[in-house]
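One structure is given here, and the rest of the page talks about it.
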């Protein structure tokens, strides 16, 4: 459930209240005079599916963005309103857009987690350990900028899409660099002997692309976007279904070992995954925006 609070002048109050009443998914509308300034506080409960329509009304009245706030509130009871919109299952573009903007920035925590993922995945490649590979995939937050890129593309916000994709590329580059450094360090300290051949590890699928690579990435893109929208608990499951981080780590390890052919193979797998993840997520979000009904009373 979302909670709307708007500061308006008395001359704007009646029109705003009338327009909010006409919106399906907006309930418990109240209007109270403020103690100072001669303005009124308009409050209402807003279903997530109605949030975009509410913002359209506010923009239509030329209200300044400092005059209103729309916040998420935790609902402890469940129910369905007469208009057919559920309190917890609505689709709100404004929430998704806000989440995408938050994940488009390359913050320190993101790079730290990607570095940890690269460390674990690099060791997983060398040890041929699927457990370490899965652990690295679960740690990695790379699905967030992938989904933000999809939001930018579907919303035709190329600046958002560009910054999100740049964050993604920098994160993947961090994984490659850390995996390369780990491999070089193991060689330097004699832990990794000179007879080690990356072509003999049991994870050759990370350097070889076939039709399943694309199909898995496409399906994971759909699941990633659905999880991103709902902040679902399936996010970790989606993360470990694609080979972005393992392929990037394999690339870094192969470069450190001088196996250029294997490195190019891993880079191809990585590229296919990233492109089809974005395509799958974008198609999912586009279809939702096209076919989600807009209700009015």
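Residue numbers (our numbering): 1 to 297.
C-beta atoms are modelled at their ideal positions from N, C-alpha and C, and glycine is treated no differently.
Note that this is a predicted model, so its numbers are computed, not measured.
Buried versus exposed, by CB contacts within 10 Å (16 or more), residue 149: Residue numbering aside, residue 149 sits at position 149 when the chain shown is read from its first letter. Buried: at least 16 other Cβ atoms inside 10 Å.
Could you tell me whether any non-hydrogen atom of the ligand ATP is closer than 7 Å to the CB of residue 211? Questions concerning the ligand ATP fall outside what the structure shown contains, since it holds no ligand whatsoever.
Cut-off 7 Å between Cβ atoms - residues of its own chain near residue 265, not counting five sequence neighbours on either side: Translated into the one-based positions of the chain shown, residue 265 becomes position 265. Around residue 265: 207 and 208.
Could you tell me whether the region 186 to 198 touches the region 105 to 118, where touching means 3 or more Cβ pairs closer than 8 Å? Per the Cβ contact rule, the region 186 to 198 is not in contact with the region 105 to 118 (fewer than 3 Cβ pairs under 8 Å).
Taking the CB atoms as reference points, tell me whether residue 124 and residue 183 lie closer together than 8 Å. Position 124 of the chain shown, counted from the start, is the residue given in the question as residue 124. Position 183 of the chain shown, counted from the start, is the residue given in the question as residue 183. The Cβ atoms of residue 124 and residue 183 lie no closer than 8 Å to each other.
Is it buried or exposed for residue 314, if we count other Cβ within 10 angstroms and need 16 for buried? Examination of residue 314 is not possible in this model, given that the chain is present from 1 through 297 alone.
The beta strand (DSSP E) spanning residue 40 covers which residue range? For the purposes of this step, residue 40 is taken as the residue at position 40 of the chain shown. Counting along the chain, residue 40 sits inside the beta strand (DSSP E) bounded by residues 40 to 46.
Please say whether residue 49 and residue 23 have beta carbons closer to each other than 8 Å? Sequence index remark: in the chain shown, residue 23 carries index 23 (1-based). Sequence index remark: in the chain shown, residue 49 carries index 49 (1-based). With respect to the 8 Å criterion, residue 23 and residue 49 are not classified as neighbours on the basis of their beta carbons.
N-terminal and C-terminal residue of the beta strand (DSSP E) that residue 28 is part of: In the chain shown, residue 28 corresponds to position 28, counting from 1. Counting along the chain, residue 28 sits inside the beta strand (DSSP E) bounded by residues 26 to 33.
On a CA-only basis, which of 151, 35, 94 and 96 is nearest residue 281? Give me that one, please. On the chain shown, position 281 is the one that residue 281 refers to. Nearest of 151, 35, 94 and 96 to residue 281, Cα basis: 151.
Using a 10 Å radius around the Cβ and a threshold of 16 neighbouring Cβ atoms, would you call residue 45 buried or exposed? As a first step, residue 45 must be located in the chain shown, where it is residue number 45. Buried: at least 16 other Cβ atoms inside 10 Å.
Could you check the C-alpha separation between residue 288 and residue 223 for me, to the nearest Å? In the chain shown, counting from the first residue as 1, residue 288 sits at position 288. In the chain shown, counting from the first residue as 1, residue 223 sits at position 223. Cα to Cα, residue 288 sits roughly 13 Å from residue 223.
Look up residue 70 in the DSSP assignment and give the residues it is bridged to. Sequence index remark: in the chain shown, residue 70 carries index 70 (1-based). DSSP output for residue 70 lists 4 as bridge partner(s).
Assuming residue 218 and residue 153 are in contact, meaning their beta carbons sit under 8 Å apart, how far apart are those beta carbons, in whole angstroms? Within the chain shown, numbered from 1, the residue matching residue 218 stands at position 218. Within the chain shown, numbered from 1, the residue matching residue 153 stands at position 153. About 15 Å; that fails the 8 Å criterion.
Host alpha helix (DSSP H) of residue 22 (start-end): Stepping through the chain shown from its first residue, residue 22 is reached at position 22. Per DSSP, residue 22 belongs to no alpha helix (DSSP H) and is neither H nor E.
If contacts are defined as beta-carbon pairs under 8 Å, then residue 168 and residue 146 qualify, I think. What distance do you get, rounded to the angstrom? For this step, residue 168 is matched to residue 168 along the chain shown. For this step, residue 146 is matched to residue 146 along the chain shown. Correct: roughly 6 Å between the Cβ atoms.
Hey, could you find the ends of the alpha helix (DSSP H) residue 164 is sitting in? The residue given as residue 164 occupies position 164 in the chain shown. That run of the alpha helix (DSSP H) goes 158 to 188.
Going by the CB atoms, is the gap between residue 226 and residue 284 shorter than 8 Å? Stepping through the chain shown from its first residue, residue 284 is reached at position 284. Stepping through the chain shown from its first residue, residue 226 is reached at position 226. One thing to note: residue 284 has its Cβ within 8 Å of the Cβ of residue 226.
contact_flag[the region 4 to 15, the region 34 to 45] where n(CB pairs < 8 Å) is 3 or more: Judged by Cβ distances under 8 Å, the region 4 to 15 makes contact with the region 34 to 45, as three or more pairs qualify.
Contact belief for residue 198 with residue 262 at Cβ below 8 Å, rounded distance in angstroms: If you number the chain shown from 1, residue 198 lands on position 198. If you number the chain shown from 1, residue 262 lands on position 262. Going by Cβ atoms, the distance from residue 198 to residue 262 rounds to 5 Å, so yes, they are a contact pair.
What is the DSSP secondary structure of residue 195, counted as helix, strand or coil? One-based indexing of the chain shown puts residue 195 at position 195. The answer is coil: DSSP assigns residue 195 none of H, G, I, E or B.
Considering only C-alpha positions, which residue in the set 187, 269, 126 and 8 is nearest to residue 37? Here the question's residue 37 lines up with position 37 in the chain shown. Considering only 187, 269, 126 and 8, the residue with the shortest C-alpha distance to residue 37 is 8.
Does DSSP put residue 36 in a helix, in a strand, or in coil? Position 36 of the chain shown holds residue 36. In the displayed model, residue 36 falls within coil according to three-state DSSP, outside both helix and strand.
Residue 111 versus residue 28 - alpha carbon distance: Locating residue 111 in the chain shown gives position 111, counting from the first residue. Locating residue 28 in the chain shown gives position 28, counting from the first residue. Here the alpha carbons of residue 28 and residue 111 stand approximately 43 Å from one another.
Just the Cα atoms here: how many angstroms apart are residue 155 and residue 57? On the chain shown, residue 155 is found 155 positions in, with the first residue counted as 1. On the chain shown, residue 57 is found 57 positions in, with the first residue counted as 1. One Cα belongs to residue 155, the other to residue 57, and the distance between them is close to 19 Å.
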